[in-house]
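Following full-length UniProt numbering, the numbering of the sequence shown begins with 1 at its first residue and continues without gaps. Below: the structure, in C-alpha cells.
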Amino acid sequence: MRDDSAARRHREAWAGLRGDGRDGPLIGGPRRAGARPPRYFTVHLDFAATDPAVAREQAVAYAEALGLLRPELALGAAALSPADAWHRAERLFCDAVGPDGERCADVAGHPGFHHAPGPGGLGWGDGD
1 MRDDSAARRH REAWAGLRGD GRDGPLIGGP RRAGARPPRY FTVHLDFAAT
51 DPAVAREQAV AYAEALGLLR PELALGAAAL SPADAWHRAE RLFCDAVGPD
101 GERCADVAGH PGFHHAPGPG GLGWGDGD
C-alpha cells in the first residue's frame, strides 16, 4: 500500500487557506489607496555614426527635436553611450541648477561656468 500522507496534507492545507467561508481571490489588493506616483523610464534609440563626436552631435539634435515635439521629456537626463556599452553613458546636456531654480539647457561641457567661490558657490554666466 502506498503512503499518501504528503498528498493528503497538501489537500488539507489548501482547503484550510480560506477557513472563514469566504469565496474570492487568495491574493489581496494593493496596499496603496491612491494611484502610484509617476516613474521615469528610458528609451534607447540606436543610430549609426562615423565617430563619437558625430554621434554626440546627432544625439543632441535628436533629443532637442523630441523635446520640441514632447515637452514632458526630461532632456536634462538624456545620455549617449555606445550600443554595446550602456554602462559608459555620458550626459548630453549640462542641466546645472541656476540661482532662481532654472536649469541650464546647454550641451554638456559648454563654455562658461556654473561654480564660483563664495556662499552657495553657484554662479551663472560666461565666466572670466
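Glycine included, every Cβ here is placed at the ideal spot set by N, Cα and C.
Anticipated Cβ contact below 8 Å, residue i with residue j, distance rounded
i      : j     : result
GLU90  : LEU80 : 6 Å
TYR62  : LEU45 : 7 Å
ARG103 : ALA96 : 7 Å
Option in the options with minimal Cα separation from residue i
i      : options                         : result
GLU57  : ILE27, ARG32 and VAL107         : VAL107
PHE93  : PRO82, LEU68 and GLU64          : GLU64
ALA77  : ARG11, ALA7 and THR42           : THR42
TYR50  : SER5, PRO82 and ARG9            : The sequence shown places Thr at residue 50, rather than the Tyr named in the question. The candidate whose alpha carbon is nearest that of THR50 is PRO82.
GLY109 : VAL60, PHE47, ARG11 and ALA33   : VAL60
ASP84  : ALA48, ALA6 and ALA7            : ALA48
GLY67  : ARG32, PRO111, ALA105 and GLY98 : ALA105
Any C-beta of chain D under 8 Å from that of residue i
i     : result
PRO38 : Absent here is chain D; the protein component of the structure consists of one chain.
Residue i, enclosing alpha helix (DSSP H) - first and last residue
i     : result
GLU64 : 52-69
Distance between residue j and residue i (C-alpha atoms, nearest Å)
i      : j      : result
ARG11  : PRO37  : 41 Å
GLY29  : ASP4   : 36 Å
ALA55  : TYR40  : 24 Å
ALA53  : ALA35  : 43 Å
PRO71  : PRO111 : 26 Å
GLY101 : LEU69  : 24 Å
ARG8   : ILE27  : 24 Å
ALA6   : TRP86  : 50 Å
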